[in-house]
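Colleague: Next up is a structure, given as structure tokens.
In UniProt numbering, the protein residues as written are 1 to 84.
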């Protein structure tokens, strides 16, 4: 039978805190080194929220303007219960 003491579970707790601290430090380092001087801001225009400024360029966000067409004879694939 395992003996219950004050040190039971201490190692997982300390390793979890160390991992969280390391990941937080890496996240802060990545943000500081990103090289973006203008973080941008979100503004509402014509009922839509848009990002004004910032380091994201329109070419960084690919847009697929074509809708996927279902295969002939299929039911659209959204309702598995209706599949033949």
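Heads up, the beta-carbon is just placed ideally off N, CA and C, and yes, glycines get one too.
Looking only at C-alpha atoms, which of 11, 20, 51 sits nearest to residue 108?
Modeller: What the structure shows of the chain is the stretch from 1 to 84, and residue 108 is not part of that stretch, so it cannot be assessed.
Colleague: Where do the N-terminal and C-terminal ends of the beta strand (DSSP E) with residue 48 fall, by residue?
Modeller: Per DSSP, residue 48 belongs to the beta strand (DSSP E) from 48–52.
Colleague: Could you tell me which residues DSSP puts in a beta bridge with residue 45?
Modeller: DSSP lists 48 as partners of residue 45.
Colleague: Do you know offhand how far residue 47's Cα is from residue 62's?
Modeller: Straight-line Cα distance between these residues: approximately 23 angstroms.
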